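Undergrad:
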Amino acid sequence: MSARRIARVLKALPLALVLAAGGLCPSVPPLGITPALAQSDWFRPPGNVGSPATRQAPSQQRQAQPRQQPRRQQAAPQAQRRQAPPPQRQTWSPFQPFLNLFRSDQPRRMVPSRPNDSYAAPPVAAPPVIAQPAVPRGTVFDTAAAARDESDAIKEIVLVLGDELAAPLAQGLADGFAADRESVAVVARTEPGSGFGPLSGFDWISKGRQFTAGEQPNVVVVFAGMNDLTPIDDPAGRAELFDERWRDLYGRRVDDFLLGLKLAGRPVVVVGLPPVEDPAANERNVQLNALLKERTERAGLVFADVTDGFVDEEGKFMMSGPDVDGQRRRLRNADGVGFTRAGGRKLAFFVDRHLDALLAQPIDPAAAAAAANPAEARPSIILLTGGASAGARTLAGAPGAPAVATPAILSGRPEEPEPARALVSGAALPVVAGRTDDFRWPAGQPAATAEPLVPAAPASVLPAGPLPNAAPAGTPASGAGVGTTAP
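Just so we're aligned: the sequence shown equals residues -20 to -1, 1 to 467 in mature numbering (1 follows the signal peptide of the UniProt record, and there is no 0).
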(Lines of atoms letter the chains of each structure in order from A and count residues from 1; the text may use other names and numbers.)
(Lines give C-alpha, C1' and ligand atoms only; values in the text may rest on other atoms or scores of the structure.)
Protein backbone atom coordinates (compact mmCIF):
# COMPACT_ATOMS: atom_id res chain seq x y z
CA MET A 1 0.00 0.00 0.00
CA SER A 2 1.40 3.28 -1.00
CA ALA A 3 2.07 6.03 1.44
CA ARG A 4 -0.46 8.25 -0.20
CA ARG A 5 -3.18 5.66 0.30
CA ILE A 6 -2.24 5.13 3.95
CA ALA A 7 -2.48 8.85 4.55
CA ARG A 8 -6.00 8.91 3.15
CA VAL A 9 -7.07 6.06 5.42
CA LEU A 10 -5.66 7.83 8.48
CA LYS A 11 -7.49 11.02 7.57
CA ALA A 12 -10.79 9.18 7.17
CA LEU A 13 -10.43 7.20 10.43
CA PRO A 14 -11.61 10.02 12.85
CA LEU A 15 -14.61 10.68 10.66
CA ALA A 16 -15.58 7.03 10.77
CA LEU A 17 -15.24 6.96 14.56
CA VAL A 18 -17.53 10.00 14.92
CA LEU A 19 -20.11 8.49 12.61
CA ALA A 20 -19.97 5.22 14.49
CA ALA A 21 -20.48 6.97 17.87
CA GLY A 22 -23.47 8.93 16.53
CA GLY A 23 -25.14 5.88 15.07
CA LEU A 24 -25.20 7.28 11.57
CA CYS A 25 -23.23 4.35 10.33
CA PRO A 26 -25.05 1.21 11.50
CA SER A 27 -22.49 -1.08 9.98
CA VAL A 28 -19.73 0.19 12.32
CA PRO A 29 -20.74 -0.13 15.98
CA PRO A 30 -19.41 2.43 18.52
CA LEU A 31 -16.32 1.56 20.51
CA GLY A 32 -17.15 -0.34 23.70
CA ILE A 33 -20.82 -0.75 22.75
CA THR A 34 -22.36 -3.99 21.70
CA PRO A 35 -24.20 -4.16 18.37
CA ALA A 36 -27.51 -4.81 20.18
CA LEU A 37 -27.13 -1.65 22.26
CA ALA A 38 -26.04 0.35 19.27
CA GLN A 39 -29.22 -0.65 17.46
CA SER A 40 -31.51 0.37 20.36
CA ASP A 41 -34.01 3.20 20.06
CA TRP A 42 -31.97 5.39 22.33
CA PHE A 43 -29.09 5.75 19.86
CA ARG A 44 -31.01 5.26 16.62
CA PRO A 45 -32.15 8.52 15.01
CA PRO A 46 -35.68 8.77 13.66
CA GLY A 47 -36.19 7.72 10.10
CA ASN A 48 -37.25 11.16 8.96
CA VAL A 49 -34.07 12.92 10.13
CA GLY A 50 -32.16 14.69 7.40
CA SER A 51 -34.93 15.31 4.87
CA PRO A 52 -38.71 15.70 4.76
CA ALA A 53 -39.07 12.30 3.23
CA THR A 54 -37.76 8.99 4.50
CA ARG A 55 -33.99 8.47 3.83
CA GLN A 56 -33.44 5.81 1.19
CA ALA A 57 -30.51 4.53 -0.74
CA PRO A 58 -29.90 6.13 -4.13
CA SER A 59 -30.66 2.87 -5.83
CA GLN A 60 -33.93 2.51 -3.86
CA GLN A 61 -34.88 6.06 -4.73
CA ARG A 62 -34.39 5.30 -8.39
CA GLN A 63 -36.49 2.13 -8.10
CA ALA A 64 -39.22 3.92 -6.17
CA GLN A 65 -39.65 6.61 -8.79
CA PRO A 66 -42.86 5.85 -10.66
CA ARG A 67 -43.07 5.87 -14.35
CA GLN A 68 -43.97 9.06 -16.02
CA GLN A 69 -47.73 9.43 -16.12
CA PRO A 70 -49.63 11.40 -18.65
CA ARG A 71 -49.60 15.13 -18.07
CA ARG A 72 -53.36 15.21 -17.43
CA GLN A 73 -53.04 12.83 -14.45
CA GLN A 74 -50.04 14.74 -12.98
CA ALA A 75 -51.71 18.15 -13.24
CA ALA A 76 -53.94 17.72 -10.16
CA PRO A 77 -51.18 16.47 -7.79
CA GLN A 78 -48.92 19.29 -8.90
CA ALA A 79 -51.64 21.85 -8.12
CA GLN A 80 -52.06 20.32 -4.65
CA ARG A 81 -48.30 20.47 -4.03
CA ARG A 82 -48.31 24.13 -4.90
CA GLN A 83 -50.95 24.90 -2.33
CA ALA A 84 -49.60 22.71 0.50
CA PRO A 85 -46.85 24.33 2.62
CA PRO A 86 -43.45 22.69 2.47
CA PRO A 87 -42.76 20.27 5.32
CA GLN A 88 -40.28 21.34 7.93
CA ARG A 89 -36.88 19.70 7.95
CA GLN A 90 -36.43 17.28 10.82
CA THR A 91 -33.23 17.48 12.90
CA TRP A 92 -31.82 15.21 15.56
CA SER A 93 -29.02 15.27 18.11
CA PRO A 94 -27.41 12.50 20.17
CA PHE A 95 -28.44 14.46 23.27
CA GLN A 96 -32.05 14.75 22.15
CA PRO A 97 -33.36 12.03 24.55
CA PHE A 98 -31.92 14.01 27.47
CA LEU A 99 -33.44 17.25 26.23
CA ASN A 100 -36.85 15.60 25.87
CA LEU A 101 -36.86 14.92 29.60
CA PHE A 102 -37.18 18.66 30.25
CA ARG A 103 -39.81 19.45 27.63
CA SER A 104 -43.37 19.99 28.92
CA ASP A 105 -45.04 19.27 25.57
CA GLN A 106 -43.85 15.68 25.48
CA PRO A 107 -46.45 13.16 26.67
CA ARG A 108 -45.42 11.10 29.64
CA ARG A 109 -45.89 7.39 29.54
CA MET A 110 -47.59 6.11 32.68
CA VAL A 111 -46.39 2.70 33.71
CA PRO A 112 -49.14 0.81 35.56
CA SER A 113 -48.06 -0.73 38.80
CA ARG A 114 -48.03 -4.48 38.99
CA PRO A 115 -50.06 -6.29 41.64
CA ASN A 116 -46.98 -7.83 43.25
CA ASP A 117 -44.86 -4.71 42.97
CA SER A 118 -43.50 -3.92 46.41
CA TYR A 119 -42.76 -0.34 45.38
CA ALA A 120 -46.34 0.46 44.30
CA ALA A 121 -47.77 3.52 46.02
CA PRO A 122 -50.53 2.76 48.53
CA PRO A 123 -54.04 3.77 47.46
CA VAL A 124 -55.05 7.24 48.61
CA ALA A 125 -58.18 7.16 50.79
CA ALA A 126 -60.98 9.55 49.86
CA PRO A 127 -61.52 12.38 52.36
CA PRO A 128 -64.37 11.66 54.76
CA VAL A 129 -67.64 13.39 53.95
CA ILE A 130 -68.97 15.31 56.96
CA ALA A 131 -72.74 15.10 56.94
CA GLN A 132 -74.45 18.39 57.68
CA PRO A 133 -77.06 18.27 60.44
CA ALA A 134 -80.57 18.02 59.10
CA VAL A 135 -82.49 21.28 59.37
CA PRO A 136 -85.95 20.69 60.84
CA ARG A 137 -88.75 21.63 58.50
CA GLY A 138 -91.86 22.42 60.47
CA THR A 139 -95.27 23.17 59.02
CA VAL A 140 -97.17 26.41 59.60
CA PHE A 141 -100.92 25.95 59.24
CA ASP A 142 -103.46 28.51 58.08
CA THR A 143 -106.17 27.40 60.51
CA ALA A 144 -106.44 25.24 63.60
CA ALA A 145 -108.88 22.96 61.77
CA ALA A 146 -106.27 22.23 59.11
CA ALA A 147 -103.74 21.39 61.83
CA ARG A 148 -106.11 18.96 63.55
CA ASP A 149 -106.96 17.35 60.22
CA GLU A 150 -103.27 16.77 59.63
CA SER A 151 -102.79 14.83 62.86
CA ASP A 152 -105.11 13.56 65.56
CA ALA A 153 -102.39 14.17 68.15
CA ILE A 154 -102.68 17.97 67.87
CA LYS A 155 -104.13 19.25 71.13
CA GLU A 156 -102.52 22.67 71.61
CA ILE A 157 -102.47 25.61 69.19
CA VAL A 158 -100.01 28.52 69.14
CA LEU A 159 -101.54 31.41 67.18
CA VAL A 160 -99.13 33.98 65.66
CA LEU A 161 -100.59 37.38 64.72
CA GLY A 162 -98.74 40.27 63.08
CA ASP A 163 -97.22 41.84 59.98
CA GLU A 164 -94.69 40.48 57.47
CA LEU A 165 -92.08 39.84 60.18
CA ALA A 166 -94.47 37.47 61.94
CA ALA A 167 -94.20 34.94 59.09
CA PRO A 168 -90.52 33.97 59.75
CA LEU A 169 -91.30 33.96 63.47
CA ALA A 170 -94.11 31.45 62.92
CA GLN A 171 -91.83 29.31 60.75
CA GLY A 172 -89.15 29.41 63.42
CA LEU A 173 -91.63 28.26 66.06
CA ALA A 174 -92.73 25.42 63.78
CA ASP A 175 -89.11 24.39 63.11
CA GLY A 176 -87.96 24.52 66.71
CA PHE A 177 -90.76 24.41 69.26
CA ALA A 178 -93.51 22.44 67.51
CA ALA A 179 -91.06 20.00 65.89
CA ASP A 180 -90.17 18.59 69.32
CA ARG A 181 -93.79 18.31 70.48
CA GLU A 182 -96.29 16.16 68.66
CA SER A 183 -99.29 17.77 70.36
CA VAL A 184 -98.43 21.37 69.39
CA ALA A 185 -99.18 23.10 66.08
CA VAL A 186 -98.42 26.63 64.90
CA VAL A 187 -101.12 28.66 63.14
CA ALA A 188 -100.19 31.99 61.53
CA ARG A 189 -102.50 34.87 60.64
CA THR A 190 -100.27 37.59 59.16
CA GLU A 191 -101.03 40.70 57.13
CA PRO A 192 -98.07 42.47 55.41
CA GLY A 193 -97.97 46.23 55.84
CA SER A 194 -100.34 46.23 58.82
CA GLY A 195 -99.97 47.59 62.33
CA PHE A 196 -101.75 48.93 65.40
CA GLY A 197 -101.85 52.56 64.26
CA PRO A 198 -104.96 54.25 62.84
CA LEU A 199 -103.36 54.49 59.39
CA SER A 200 -103.11 50.71 59.07
CA GLY A 201 -105.30 49.24 56.37
CA PHE A 202 -105.97 46.19 58.56
CA ASP A 203 -107.92 46.56 61.82
CA TRP A 204 -106.13 44.31 64.28
CA ILE A 205 -108.32 45.47 67.18
CA SER A 206 -111.41 43.73 65.80
CA LYS A 207 -109.66 41.02 63.74
CA GLY A 208 -107.56 39.95 66.70
CA ARG A 209 -110.69 39.05 68.65
CA GLN A 210 -112.17 37.23 65.69
CA PHE A 211 -109.04 35.16 65.09
CA THR A 212 -108.78 34.29 68.77
CA ALA A 213 -112.44 33.30 68.99
CA GLY A 214 -112.32 31.26 65.78
CA GLU A 215 -109.05 29.39 66.31
CA GLN A 216 -109.40 28.88 70.09
CA PRO A 217 -105.61 28.90 70.62
CA ASN A 218 -103.83 28.03 73.82
CA VAL A 219 -101.28 30.87 73.45
CA VAL A 220 -101.32 34.00 71.27
CA VAL A 221 -98.03 35.48 69.98
CA VAL A 222 -98.10 39.04 68.62
CA PHE A 223 -95.33 40.51 66.45
CA ALA A 224 -96.12 43.85 64.80
CA GLY A 225 -95.35 47.57 64.97
CA MET A 226 -92.69 48.03 62.28
CA ASN A 227 -95.19 49.83 60.01
CA ASP A 228 -96.46 52.17 62.75
CA LEU A 229 -93.42 54.45 62.94
CA THR A 230 -95.15 57.37 61.21
CA PRO A 231 -97.01 60.50 62.40
CA ILE A 232 -100.72 60.17 63.15
CA ASP A 233 -103.24 62.52 61.53
CA ASP A 234 -106.71 62.92 63.00
CA PRO A 235 -109.38 65.67 63.08
CA ALA A 236 -107.59 67.32 66.02
CA GLY A 237 -104.37 67.77 64.03
CA ARG A 238 -101.10 66.01 63.36
CA ALA A 239 -99.28 64.05 66.06
CA GLU A 240 -95.58 63.77 65.34
CA LEU A 241 -93.76 60.52 65.98
CA PHE A 242 -93.14 59.84 69.68
CA ASP A 243 -94.45 63.16 70.96
CA GLU A 244 -96.81 63.17 73.93
CA ARG A 245 -99.99 63.15 71.87
CA TRP A 246 -98.70 60.41 69.55
CA ARG A 247 -97.84 58.20 72.51
CA ASP A 248 -101.31 58.71 73.95
CA LEU A 249 -103.12 57.90 70.68
CA TYR A 250 -100.97 54.92 69.80
CA GLY A 251 -100.88 53.60 73.37
CA ARG A 252 -104.67 53.56 73.61
CA ARG A 253 -104.93 51.54 70.39
CA VAL A 254 -102.41 49.03 71.73
CA ASP A 255 -104.40 48.81 74.96
CA ASP A 256 -107.62 48.12 73.04
CA PHE A 257 -105.94 45.36 71.04
CA LEU A 258 -104.45 43.68 74.11
CA LEU A 259 -107.74 44.01 76.01
CA GLY A 260 -109.55 42.11 73.28
CA LEU A 261 -107.06 39.26 73.55
CA LYS A 262 -107.07 39.30 77.33
CA LEU A 263 -110.86 39.04 77.55
CA ALA A 264 -110.58 35.74 75.67
CA GLY A 265 -108.71 34.30 78.65
CA ARG A 266 -105.65 33.31 76.58
CA PRO A 267 -102.00 33.95 77.53
CA VAL A 268 -100.41 36.54 75.23
CA VAL A 269 -96.73 37.11 74.30
CA VAL A 270 -95.85 40.43 72.66
CA VAL A 271 -92.55 40.34 70.74
CA GLY A 272 -90.44 43.49 70.53
CA LEU A 273 -88.99 44.81 67.30
CA PRO A 274 -85.49 43.50 66.41
CA PRO A 275 -82.44 45.67 65.60
CA VAL A 276 -82.05 46.84 62.00
CA GLU A 277 -79.07 47.96 59.93
CA ASP A 278 -80.12 51.62 59.60
CA PRO A 279 -79.01 53.46 62.80
CA ALA A 280 -81.89 55.99 62.66
CA ALA A 281 -84.51 53.27 62.16
CA ASN A 282 -82.90 51.21 64.89
CA GLU A 283 -83.28 54.10 67.35
CA ARG A 284 -86.98 54.36 66.50
CA ASN A 285 -87.39 50.63 67.16
CA VAL A 286 -85.82 51.04 70.59
CA GLN A 287 -88.31 53.76 71.55
CA LEU A 288 -91.28 51.77 70.27
CA ASN A 289 -90.12 48.70 72.22
CA ALA A 290 -90.12 50.77 75.41
CA LEU A 291 -93.73 51.83 74.75
CA LEU A 292 -94.86 48.30 73.88
CA LYS A 293 -93.19 46.86 76.97
CA GLU A 294 -94.88 49.40 79.23
CA ARG A 295 -98.35 48.72 77.81
CA THR A 296 -97.88 44.95 77.75
CA GLU A 297 -96.69 44.65 81.34
CA ARG A 298 -99.46 47.02 82.46
CA ALA A 299 -101.98 44.58 80.97
CA GLY A 300 -100.35 41.68 82.84
CA LEU A 301 -98.99 40.00 79.68
CA VAL A 302 -95.54 38.75 78.64
CA PHE A 303 -93.10 40.92 76.64
CA ALA A 304 -90.23 39.16 74.79
CA ASP A 305 -87.18 41.30 73.99
CA VAL A 306 -85.14 39.88 71.07
CA THR A 307 -82.42 42.57 70.84
CA ASP A 308 -79.56 40.52 72.31
CA GLY A 309 -79.86 37.81 69.65
CA PHE A 310 -79.08 40.09 66.71
CA VAL A 311 -76.26 42.34 67.95
CA ASP A 312 -72.59 41.58 68.58
CA GLU A 313 -70.65 42.00 71.79
CA GLU A 314 -70.37 45.75 71.21
CA GLY A 315 -74.11 46.12 70.67
CA LYS A 316 -73.83 46.69 66.91
CA PHE A 317 -76.12 45.19 64.29
CA MET A 318 -74.85 41.95 62.76
CA MET A 319 -76.00 40.42 59.50
CA SER A 320 -74.50 36.99 60.27
CA GLY A 321 -73.86 35.36 63.58
CA PRO A 322 -74.32 32.23 65.66
CA ASP A 323 -77.63 30.44 65.30
CA VAL A 324 -79.38 28.41 67.99
CA ASP A 325 -76.90 25.55 67.44
CA GLY A 326 -73.83 27.80 67.71
CA GLN A 327 -72.99 27.66 63.99
CA ARG A 328 -72.25 30.93 62.23
CA ARG A 329 -74.94 31.55 59.64
CA ARG A 330 -76.70 34.33 57.78
CA LEU A 331 -79.48 35.65 60.01
CA ARG A 332 -80.89 38.67 58.16
CA ASN A 333 -81.85 39.36 54.58
CA ALA A 334 -79.97 41.70 52.26
CA ASP A 335 -82.25 44.61 53.20
CA GLY A 336 -81.10 44.39 56.83
CA VAL A 337 -84.69 44.02 58.08
CA GLY A 338 -86.07 40.59 57.13
CA PHE A 339 -84.98 37.21 58.48
CA THR A 340 -83.57 34.09 56.88
CA ARG A 341 -84.68 30.60 57.91
CA ALA A 342 -81.92 30.44 60.52
CA GLY A 343 -82.74 33.99 61.67
CA GLY A 344 -86.39 33.11 62.14
CA ARG A 345 -85.40 30.09 64.21
CA LYS A 346 -83.26 32.29 66.45
CA LEU A 347 -86.06 34.85 66.69
CA ALA A 348 -88.41 32.10 67.87
CA PHE A 349 -85.90 31.08 70.55
CA PHE A 350 -86.77 34.18 72.60
CA VAL A 351 -90.47 33.26 72.43
CA ASP A 352 -90.55 29.50 72.91
CA ARG A 353 -88.81 29.71 76.27
CA HIS A 354 -92.04 31.27 77.59
CA LEU A 355 -94.41 28.88 75.84
CA ASP A 356 -94.01 25.81 78.04
CA ALA A 357 -95.11 27.71 81.14
CA LEU A 358 -97.94 29.46 79.29
CA LEU A 359 -99.28 26.25 77.73
CA ALA A 360 -99.50 24.73 81.20
CA GLN A 361 -101.92 27.44 82.37
CA PRO A 362 -105.57 26.31 82.45
CA ILE A 363 -108.07 28.10 80.24
CA ASP A 364 -111.01 29.77 81.97
CA PRO A 365 -114.21 28.16 80.54
CA ALA A 366 -116.21 31.35 81.10
CA ALA A 367 -113.62 33.38 79.21
CA ALA A 368 -113.60 30.82 76.42
CA ALA A 369 -117.38 31.04 76.12
CA ALA A 370 -117.18 34.82 76.14
CA ALA A 371 -114.59 34.73 73.36
CA ALA A 372 -116.80 32.49 71.26
CA ASN A 373 -119.74 34.92 71.63
CA PRO A 374 -118.93 38.51 70.60
CA ALA A 375 -121.68 39.86 72.85
CA GLU A 376 -120.09 38.16 75.83
CA ALA A 377 -116.72 39.63 74.96
CA ARG A 378 -117.93 43.17 75.71
CA PRO A 379 -117.44 44.66 79.18
CA SER A 380 -120.04 43.50 81.71
CA ILE A 381 -123.20 45.62 82.12
CA ILE A 382 -124.80 45.97 85.54
CA LEU A 383 -128.53 45.40 85.16
CA LEU A 384 -130.54 47.87 87.22
CA THR A 385 -133.95 47.80 85.56
CA GLY A 386 -135.52 46.25 82.51
CA GLY A 387 -135.20 42.83 81.00
CA ALA A 388 -132.21 40.54 80.86
CA SER A 389 -129.29 41.29 78.57
CA ALA A 390 -126.37 39.20 77.38
CA GLY A 391 -123.49 39.41 79.78
CA ALA A 392 -125.44 41.44 82.36
CA ARG A 393 -125.21 40.98 86.09
CA THR A 394 -127.62 41.83 88.91
CA LEU A 395 -126.53 44.46 91.37
CA ALA A 396 -125.49 42.79 94.62
CA GLY A 397 -127.89 43.43 97.48
CA ALA A 398 -130.81 44.55 95.32
CA PRO A 399 -134.32 43.35 96.22
CA GLY A 400 -134.88 39.92 94.82
CA ALA A 401 -131.17 39.26 94.25
CA PRO A 402 -130.17 35.65 94.92
CA ALA A 403 -128.30 34.93 98.07
CA VAL A 404 -124.56 34.78 97.59
CA ALA A 405 -122.81 31.77 99.02
CA THR A 406 -119.58 33.17 100.36
CA PRO A 407 -116.40 31.06 100.52
CA ALA A 408 -116.48 31.35 104.31
CA ILE A 409 -119.95 29.82 104.49
CA LEU A 410 -119.04 27.02 102.08
CA SER A 411 -115.84 26.12 103.88
CA GLY A 412 -117.34 26.23 107.36
CA ARG A 413 -115.01 28.99 108.54
CA PRO A 414 -116.19 31.81 110.82
CA GLU A 415 -118.55 34.18 109.06
CA GLU A 416 -117.06 37.36 107.66
CA PRO A 417 -117.79 40.70 109.27
CA GLU A 418 -120.83 42.54 108.06
CA PRO A 419 -118.92 45.21 106.02
CA ALA A 420 -116.87 42.51 104.30
CA ARG A 421 -119.99 40.48 103.49
CA ALA A 422 -121.68 43.56 102.04
CA LEU A 423 -118.74 44.98 100.08
CA VAL A 424 -116.84 41.83 99.06
CA SER A 425 -119.42 39.05 98.95
CA GLY A 426 -122.41 41.19 97.97
CA ALA A 427 -124.63 40.12 100.85
CA ALA A 428 -127.69 42.30 101.64
CA LEU A 429 -127.47 44.60 104.63
CA PRO A 430 -129.77 43.87 107.60
CA VAL A 431 -132.96 45.90 107.67
CA VAL A 432 -133.03 48.73 110.21
CA ALA A 433 -136.42 50.14 111.19
CA GLY A 434 -136.90 53.73 110.16
CA ARG A 435 -133.94 53.80 107.72
CA THR A 436 -134.49 54.90 104.15
CA ASP A 437 -133.84 51.38 102.87
CA ASP A 438 -136.62 49.99 105.09
CA PHE A 439 -139.23 49.11 102.47
CA ARG A 440 -141.62 47.27 104.84
CA TRP A 441 -145.24 48.23 104.92
CA PRO A 442 -146.77 49.23 107.22
CA ALA A 443 -143.72 51.21 108.25
CA GLY A 444 -141.73 49.70 111.04
CA GLN A 445 -143.25 46.26 110.60
CA PRO A 446 -141.02 43.22 110.00
CA ALA A 447 -141.40 40.94 107.08
CA ALA A 448 -144.60 38.96 106.66
CA THR A 449 -142.98 35.84 108.04
CA ALA A 450 -141.87 37.55 111.28
CA GLU A 451 -143.83 38.77 114.28
CA PRO A 452 -144.71 42.50 114.30
CA LEU A 453 -142.63 44.73 116.47
CA VAL A 454 -145.82 46.22 118.16
CA PRO A 455 -148.69 43.74 118.51
CA ALA A 456 -152.05 45.07 117.46
CA ALA A 457 -154.57 45.65 120.28
CA PRO A 458 -157.64 43.36 120.21
CA ALA A 459 -160.93 45.04 119.29
CA SER A 460 -162.79 43.75 122.42
CA VAL A 461 -160.43 45.58 124.80
CA LEU A 462 -160.98 48.98 123.33
CA PRO A 463 -163.95 50.93 124.92
CA ALA A 464 -166.95 51.61 122.80
CA GLY A 465 -167.45 55.22 124.04
CA PRO A 466 -165.08 58.07 124.05
CA LEU A 467 -161.78 57.67 125.69
CA PRO A 468 -161.35 58.76 129.27
CA ASN A 469 -159.95 62.25 129.77
CA ALA A 470 -161.09 63.07 126.27
CA ALA A 471 -162.07 66.67 125.79
CA PRO A 472 -165.71 67.31 124.87
CA ALA A 473 -166.49 68.53 121.49
CA GLY A 474 -165.96 72.23 121.04
CA THR A 475 -163.35 72.39 123.77
CA PRO A 476 -160.24 74.12 122.60
CA ALA A 477 -157.16 72.12 122.30
CA SER A 478 -154.56 71.97 125.00
CA GLY A 479 -152.92 75.33 125.44
CA ALA A 480 -155.67 77.25 123.67
CA GLY A 481 -157.05 80.25 125.56
CA VAL A 482 -154.36 80.17 128.24
CA GLY A 483 -154.72 83.05 130.61
CA THR A 484 -158.46 83.53 130.11
CA THR A 485 -161.30 82.63 132.38
CA ALA A 486 -164.74 81.35 131.68
CA PRO A 487 -167.47 83.89 131.84
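Every residue gets a Cβ at the ideal spot worked out from N, C-alpha and C, and that includes glycine.
Remember, predicted model here, so these are calculated numbers, not experimental data.
(1) Between which residues of its own chain and Gly142 is the CB-CB distance below 7 Å, once the five residues before and five after are set aside?
(2) So, for Pro148: in the same chain, excluding its five sequence neighbours on each side, which residues have a beta-carbon less than 6 Å away from its beta-carbon?
(3) In the DSSP output, which residue or residues are listed as bridge partners for Ala219?
(4) Mind checking whether Ala193 and Leu238 have CB atoms under 9 Å apart?
(5) Over what stretch of residues does the beta strand (DSSP E) that includes Leu253 continue unbroken?
(6) In angstroms with no decimal places, state the Cα-to-Cα distance between Trp421 and Ala402.
(7) DSSP three-state call for Gln201: helix, strand or coil?
(8) Return yes when the Cβ of Phe157 is within less than 9 Å of the Cβ of Ala328, no when it is not.
(9) So Ala124 and Gln196 are in contact, right, with Cβ under 8 Å, and what is the actual spacing, rounded?
(10) Taking only the alpha-carbon atoms, compute the straight-line gap between Phe419 and Tyr230 and give it to the nearest angstrom.
(11) For Gly316, does the three-state DSSP call read helix, strand or coil?
(12) How should Gly407 be labelled, buried or exposed, when 16 other C-beta atoms within 10 angstroms of its C-beta is the threshold for buried?
(13) Does the beta-carbon of Phe75 have 16 or more other beta-carbons within 10 angstroms, so that it is buried, or is it exposed?
(14) Along the chain, where does the beta strand (DSSP E) that runs through Phe283 open and close?
(15) State the Cα-Cα distance for the pair Asp213 and Val291, rounded to the nearest angstrom.
(16) For Leu281 and Thr416, what's the separation of their Cα atoms in angstroms?
(17) With distances taken Cα to Cα, identify the nearest neighbour of Asp305 among Lys326, Glu274, Leu(-11) and Pro342.
(18) For the putative contact between Arg227 and Leu271, defined by C-beta atoms under 8 Å, what is the C-beta separation to the nearest angstrom?
(19) In whole angstroms, give me the CA-to-CA distance for Ala244 and Leu335.
(20) Return the chain-ordered list of same chain residues with a C-beta closer than 7 Å to the C-beta of Ala168, the five sequence neighbours on each side being excluded.
(21) Note down, in chain order, each residue of its chain lying with its Cβ closer than 6 Å to the Cβ of Val(-12), except the 5 sequence neighbours on either side.
(22) Between which two residues does the beta strand (DSSP E) harbouring Ser300 extend?
(23) Return yes when the Cβ of Ile343 is within less than 9 Å of the Cβ of Arg246, no when it is not.
(24) Roughly how many angstroms separate the alpha carbons of Ala(-18) and Pro77, rounded to a whole number?
(25) Might you give, ordered along the chain, the residues of its own chain that have their beta carbon closer than 7 Å to the beta carbon of Glu293, omitting 5 neighbours on each side?
(26) Would you decide whether Arg(-16) is buried or exposed? Buried here means 16 or more other CB atoms lie within 10 Å of its CB.
(27) How far does the beta strand (DSSP E) with Ile137 in it extend, from its first residue to its last?
(28) Would you please state the rounded distance, in angstroms, between the beta carbons of Val317 and Val256? I believe it to be under 8 Å.
(29) Within the continuous beta strand (DSSP E) that includes Arg169, where are the two ends?
(30) Comparing alpha-carbon positions, which option in Pro211, Val249, Arg161 and Asp129 lies nearest Pro178?
(31) Does DSSP put Asp132 in a helix, in a strand, or in coil?
(32) Give me, in chain order, the residues of the same chain whose beta-carbon lies closer than 7 Å to that of Leu253; leave out the 5 immediate sequence neighbours on both sides.
(33) Name the one or two DSSP bridge partners that Arg309 has.
(34) Checking 9 Å against the spacing of the C-beta atoms, do Arg161 and Glu136 come in under that value?
(35) Give the straight-line distance between the Cα atoms of Phe176 and Pro399, rounded to the nearest whole angstrom.
(36) Roughly how many angstroms lie between the CA atoms of Pro(-7) and Leu79, to the nearest whole one?
TA: Answer, in terms of the structure:
(1) Thr170, Val202, Phe203 and Ala204
(2) Excluding residues within five positions, the ones whose Cβ falls inside 6 Å are Phe319 and Gly324.
(3) The partner list for Ala219 (beta bridge, DSSP) reads Ile212.
(4) Cβ distance not < 9 Å, so Ala193 and Leu238 don't count as in contact.
(5) Here Leu253 belongs to no beta strand (DSSP E), and DSSP marks it neither H nor E.
(6) Distance between the alpha carbons of Trp421 and Ala402 is about 24 Å.
(7) The sequence as given places Val at residue 201; Gln does not occur at that position. Here Val201 sits in strand by DSSP.
(8) yes
(9) 7 Å
(10) 51 Å
(11) Looking at Gly316 - three-state DSSP - the assignment turns out to be coil, as it is neither helix nor strand.
(12) Position check: residue 407 holds Ala in this sequence, whereas Gly was assumed. With 16 or more Cβ atoms within 10 Å of its Cβ, Ala407 is classed as buried.
(13) exposed
(14) Val282 to Ala284
(15) For Asp213 and Val291, the distance between alpha carbons rounds to 34 Å.
(16) 46 Å
(17) Lys326
(18) 6 Å
(19) 18 Å
(20) Val120, Val140, Ala146, Ala147 and Ala150
(21) none
(22) Ser300 to Pro302
(23) Cβ atoms of Arg246 and Ile343: closer than 9 Å.
(24) A straight line joining the alpha-carbon of Ala(-18) with that of Pro77 spans about 43 Å.
(25) none
(26) exposed
(27) Glu136 to Gly142
(28) The Cβ separation is near 5 Å, so the contact holds.
(29) Val164 to Thr170
(30) Out of Pro211, Val249, Arg161 and Asp129, Pro211 has the C-alpha closest to the C-alpha of Pro178.
(31) Asp132 sits in coil when the DSSP states are folded into three classes, being neither helix nor strand.
(32) Gly205, Met206, Asn265, Leu268 and Asn269
(33) Arg309 is bridged to Gly301.
(34) yes
(35) 44 Å
(36) Between the C-alpha atoms of Pro(-7) and Leu79 there is a straight-line separation of about 27 Å.
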